[in-house]
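This report concerns only the one structure given below.
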Amino acid sequence: MLASPKMSGKTASTTNNIAQARRTVQQLRTEASIERIKVSKASADLMLYCEEHAKKDPLLMGIPASENPFKDKKTCILL
1211 MLASPKMSGK
1221 TASTTNNIAQ
1231 ARRTVQQLRT
1241 EASIERIKVS
1251 KASADLMLYC
1261 EEHAKKDPLL
1271 MGIPASENPF
1281 KDKKTCILL
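Heads up: the sequence shown runs through residues 1211 to 1289, numbered per this note's numbering.
Structure follows, in structure tokens:
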């Protein structure tokens, strides 16, 4: 006996719901296995890193004109 169209629609929907639930459970397991640290520790580490590397940061220190590859080679004169 063939299944009615309503029945196969419900079956497909149920199958999709089960597959989605399995993907959700797998994602939650992955997230739960990630090692976490406290925000206070992470922010302290980030601040220390920034302070140690600030002298090398071109956004903070700028780029010397002699090393700037984007510096205009000649000026633009408008007539």
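All C-beta atoms in this analysis are idealised placements derived from N, C-alpha and C, irrespective of residue type, glycine included.
Among the residues of its own chain, which have a CB less than 7 Å from the CB of residue i, if the five just before and after it don't count?
| i | result |
| --- | --- |
| methionine 1271 | Lys1265 |
Just to confirm the assignment, what range does the alpha helix (DSSP H) spanning residue i have?
| i | result |
| --- | --- |
| leucine 1270 | 1268-1271 |
| lysine 1248 | Lysine 1248 -> no alpha helix (DSSP H), and no H or E assigned at all. |
Kindly list the residues whose CB is nearer than 8 Å to the CB of residue i, restricted to its own chain and excluding five residues on each side of it in sequence; keep chain order.
| i | result |
| --- | --- |
| proline 1279 | none |
What residues in its chain sit with their C-beta under 6 Å from that of residue i, if we drop five residues either side in the sequence?
| i | result |
| --- | --- |
| glutamine 1236 | none |
Would you say residue i lies against chain B (beta-carbon separation less than 8 Å)?
| i | result |
| --- | --- |
| serine 1223 | Within the model displayed, chain B is absent; a lone protein chain is all it includes. |
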